[in-house]
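Everything below concerns the one structure shown next.
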Amino acid sequence: MSTPGGGSGEIRLTGRATLDDRLAGPVRELAFQPPPWTRALTVRLSYDRTAGVLDLGCHGPDGYRGWSGGARDRYTIAPAWATPGYLPGEVEPGVWRVLLGFHRVPREGLPYEVTVTPHRSPPAPPPARAAPSPPAEPMPRAAARRDLPELDGLTWAAGDLHAHTVHSDGGLTVPALAALARDRGLDYLAVTDHNTVSHHAELPAASRAAGITLLPGQEVTTDLGHANAFGDIGWIDFRRPADEWARTVRERGGLLSINHPLAADCAWRLPMDARATMAEIWHWSWWDRTWGAPLAWAQAWSPETVMIGGSDFHRPGEGGELGSPTTWVLAADPGDPVAIEAGMRAGRTAISTGPDGPLLLRHGDEFLVVDGEGLVLWGPDTRTVITRNRVRLPARPGPHRLETDRNEVMALCT
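Numbering-wise, the UniProt record's numbering puts 229 at position 229 of the sequence shown, and it's gapless, one number per residue.
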């Protein structure tokens with residue numbers, strides 16, 4: 001129900017989410033039309049947070065304007081700024097839609113109220129957070145620190161392919177996250193906020209300030225599975241079928257990876273006719289790495305699976321540490337996001353516990369093992385005990401891994 005709020009132009013949208021609503025479709029659109037004098041909008045969502053979880057987003061007359069999921073209960077969109085997760089810009093005339101996601105709805109239903117406040121003059125933005133200190137001196141690249149050789153002009157780059165900021169449900173700004181990644185010894189970081197690309201505009205400046213390569217990404221997030229879309233490819237509509245995500249990402253020149261396919265209620269349960277060939281096999285939640293299910297899933301999903309890892313970092317002290325695991329990519333230029341993506345697309349990837357953990361790299365027609373003394377090299381036709389810290393061995397086809405004598409996985413390579 002839509003109720004005008006008098007001379008202020010305030011609009012109230014009320015309703016009751018039911019379990020049937022959730023089953024009919026996870027996102028409802030609540031339409032409204034702001035007054036013609038509107039220069040900015042503030043949207044507030046009220047409901048009993050102890051009874052369920054509702055997500056929040058926005059679609060304007062000219063298209064998508066942002067998403068914050070369950071991380072926020074309000075947002076503002078103004079010409080020069082917007083709440084993180086949302087795109088700034090003019091308030092176009094016409095019909096707008098509040099996107100309301102029914103993430104958790106009790107059987108008895110969940111009443112809600114959405115209040116839309118139009119502003120005649122744009123409100124002032126909130127105070128900016130203090131910028132992180134610049135590095136005292138450039139951090140040597142991981143390949144130099146680990147003494148990794150080049151291969152045909154390509155260099156190994158260490159990074160993390162899954163991290164969040166205040167643009168979704170993370171705790172750090174883009175500059176603060178970039179500085180933390182630099183201090184962790186990473187060469188690159190993919191910033192993959194949920195169902196939004198509002199953070200992309202901040203990446204170039206944060207990259208330069210921190211001295212680290214930042215990859216544009218987004219975590220396409222649904223109740224039945226998550227996937228990372230890498231590349232500066234525009235917003236991917238998470239409300240559409242997964243096959244459509246994959247097709248759109250491919251047509252725009254990006255990469256799609258299935259995220260944490262075995263992670264509790266975030267496990268992958270969406271059908272795909274054309275299966276994505278990249279998957280986040282090593283997620284921070286794989287804390288018992290004697291458990292072989294992630295590797296078994298990769299084999300069953302596709303023989304061509306390109307294995308990557310991601311910390312799914314949100315904030316210090318919660319979940320995985322940034323860079324744990326670390327994904328190594330053999331790239332033409334570790335300073336170029338497009339070159340990192342090209343290395344991933346070609347399957348030139350390896351995963352370690354962190355930037356300084358034992359390494360197993362497919363280096364041309366050889367395996368290069370670094371800091372792996374005492375570990376066991378396993379593969380489809382390989383069983384070898386590593387007797388020195390640095391070893392070169394003939395490479396064989398298929399995914400391989402380093403394990404301890406207790407069968408704990410310490411490194412992977414595609």
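In this text, a Cβ means the ideal position worked out from N, Cα and C, and glycines have one as well.
Am I right that A411 and L330 are in contact with their C-beta atoms under 8 Å? What's the rounded C-beta distance? Locating residue 411 in the sequence shown gives position 411, where the first residue counts as 1. Locating residue 330 in the sequence shown gives position 330, where the first residue counts as 1. Actually they are not in contact, since the Cβ atoms of A411 and L330 sit about 15 Å apart, beyond 8 Å.
DSSP state of W297 mapped onto helix, strand, coil: Position 297 of the sequence shown, counted from the first residue, corresponds to residue 297. DSSP places W297 in helix when its eight states are reduced to three.
Write down every uninterrupted run of the beta strand (DSSP E) in the region 45–112 whose length is 3 residues or greater and which is fully enclosed by it, in chain order. List check, beta strand (DSSP E) in window: 53–60, 63–69, 74–77 and 96–104.
Is the region 203–215 touching the region 98–107 in the sense that three or more CB pairs, one from each, lie closer than 8 Å? no
Which two residues bound the contiguous beta strand (DSSP E) that contains P193? Start at 1 with the first residue of the sequence shown, and residue 193 comes out as number 193. According to the sequence shown, residue 193 is Asp rather than Pro. Here the beta strand (DSSP E) through D193 covers Y188 to H194.
Can you tell me the Cβ-Cβ gap for L262 and P294, rounded? I've got them flagged as a contact below 8 Å. In the sequence shown, the residue the question calls residue 262 occupies position 262. In the sequence shown, the residue the question calls residue 294 occupies position 294. That pair is a contact at about 6 Å.
Would E92 and G60 be called neighbours here (beta carbons separated by less than 7 Å)? On the sequence shown, residue 92 is found 92 positions in, with the first residue counted as 1. On the sequence shown, residue 60 is found 60 positions in, with the first residue counted as 1. Yes, the Cβ-Cβ distance between E92 and G60 is below 7 Å.
contact_flag[the region 77–97, the region 23–36] where n(CB pairs < 8 Å) is 3 or more: yes
Would you mind stating whether R182 and M139 have Cβ atoms separated by less than 7 Å? Here residue 182 refers to the residue found at position 182 of the sequence shown. Here residue 139 refers to the residue found at position 139 of the sequence shown. Their beta carbons are under 7 Å apart, which means R182 touches M139 by this criterion.
Starting from residue 418 and walking both ways along the beta strand (DSSP E), at which residues does that stretch end? As shown, the chain starts at 1 and ends at 414. That puts residue 418 outside it, with no answer to give.
How far does the alpha helix (DSSP H) with S311 in it reach, from first residue to last? For the purposes of this step, residue 311 is taken as residue 311 along the sequence shown, with counting starting at 1. Careful: S311 lies outside any alpha helix (DSSP H) and carries neither H nor E.
Looking at the structure shown, is T14 part of a helix, part of a strand, or coil, going by DSSP? Against the sequence shown, residue 14 aligns to sequence position 14. The answer is strand: DSSP assigns T14 an E or B state.
I386 (DSSP reduced to helix, strand or coil): Along the sequence shown, one-based indexing puts residue 386 at 386. The answer is coil: DSSP assigns I386 none of H, G, I, E or B.
Where do the ends of the beta strand (DSSP E) carrying M278 lie? Counting from 1 along the sequence shown, the entry for residue 278 is found at position 278. From DSSP, the beta strand (DSSP E) with M278 extends over M278 to H283.
Can the beta-carbon of W282 be found less than 7 Å from the beta-carbon of P325? The residue given as residue 282 occupies position 282 in the sequence shown. The residue given as residue 325 occupies position 325 in the sequence shown. For the pair W282 and P325, the CB atoms are nearer than the 7 Å cut-off.
Boundaries of the beta strand (DSSP E) in which R362 is found, first to last residue: Mapped onto the sequence shown, residue 362 falls at position 362. R362 -> beta strand (DSSP E) spans L359 to H363.
From Y86 to A201, what does the alpha carbon distance come to, in whole angstroms? In the sequence shown, residue 86 corresponds to position 86, counting from 1. In the sequence shown, residue 201 corresponds to position 201, counting from 1. Rounded to whole angstroms, Y86 to A201 spans 11 Å at the Cα level.
Excluding the 5 residues flanking T155 on each side, which residues of the same chain have their C-beta closer than 6 Å to its C-beta? Residue mapping note: residue 155 aligns to position 155 of the sequence shown, counting from 1. Result list for T155: A143 and P334, in chain order.
Take R72 and list the residues in its own chain whose beta-carbon comes closer than 8 Å to its own, dropping the five residues that flank it on each side. On the sequence shown, position 72 is the one that residue 72 refers to. Hits under 8 Å: L56, T83 and G85.
Verify the contact flag: G57, CB atom, against every heavy atom of the ligand COA, threshold strictly below 6 Å. Judged by which ligands are present, the structure shown has none, so any question about the ligand COA falls away.
Going by DSSP, which residues form a beta bridge with M307? One-based indexing of the sequence shown puts residue 307 at position 307. DSSP lists A279 as partners of M307.
Option in R97, P106, P111 and P122 with minimal Cα separation from T76: Against the sequence shown, residue 76 aligns to sequence position 76. Among R97, P106, P111 and P122, the Cα nearest to that of T76 belongs to P122.
Short Cβ contact (7 Å threshold) for P175 with A131: Working through the sequence shown from its first residue, we reach residue 175 at position 175. Working through the sequence shown from its first residue, we reach residue 131 at position 131. Yes. Within cutoff.
Residues near S352 in its chain [Cβ-Cβ closer than 6 Å; skip 5 each side]: As a first step, residue 352 is located in the sequence shown; it is residue number 352 there, counting from the start. Correct list, in chain order: T326, L359 and A411.
For R250 and T387, I'd like the C-alpha separation in whole angstroms. On the sequence shown, position 250 is the one that residue 250 refers to. On the sequence shown, position 387 is the one that residue 387 refers to. The alpha-carbon atoms of R250 and T387 are separated by roughly 43 Å.
Contact check, D160 vs L180, beta carbons under 7 Å: Here residue 160 corresponds to residue number 160 of the sequence shown, with the count starting at 1. Here residue 180 corresponds to residue number 180 of the sequence shown, with the count starting at 1. Not closer than 7 Å, so no.
Per DSSP, L256 is paired with what? To locate residue 256, count along the sequence shown from 1; it is residue 256. L256 pairs with A229.
Cβ neighbours of G63 in the same chain (closer than 6 Å, five flanking residues each side left out): Against the sequence shown, residue 63 aligns to sequence position 63. Excluding residues within five positions, none has a Cβ falling inside 6 Å.
Candidates A78, F367, T50 and V376: which alpha carbon is nearest L151's? The count along the sequence shown starts at 1 and reaches residue 151 at position 151. Nearest C-alpha to L151: F367.
Measuring alpha carbon to alpha carbon, tell me which residue in T404, C413 and N389 is nearest A395. Position 395 of the sequence shown, counting from 1, holds the residue named residue 395. The shortest C-alpha separation from A395 is found at C413.
So the candidates are P271, L23 and S198; which of them puts its Cα closest to the Cα of D243? Position 243 of the sequence shown, counting from 1, holds the residue named residue 243. Selected option, being the one with the closest Cα: P271.
Of the residues P125, S46, D147 and P134, the one placed nearest N389, counting alpha carbons only: For this step, residue 389 is matched to residue 389 along the sequence shown. Nearest of P125, S46, D147 and P134 to N389, Cα basis: D147.
Along the beta strand (DSSP E) that carries A205, what are the first and last residues, could you check? Position 205 of the sequence shown holds residue 205. Here A205 belongs to no beta strand (DSSP E); instead the alpha helix (DSSP H) covers L203 to A210.
In terms of residue numbering, what span does the alpha helix (DSSP H) encompassing P325 cover? On the sequence shown, position 325 is the one that residue 325 refers to. Unbroken run through P325: none, as it is neither H nor E.
On the DSSP bridge assignment, give the partners of V116 in chain order. Position 116 of the sequence shown, counted from the first residue, corresponds to residue 116. Bridge partners of V116: I11 and V43.
CA-to-CA distance, R28 to G6, given in whole angstroms: In the sequence shown, the residue the question calls residue 6 occupies position 6. In the sequence shown, the residue the question calls residue 28 occupies position 28. Residue confidence for G6 is low, a pLDDT of 48 falling below 50, so the modelled location carries little weight and cannot support an answer.
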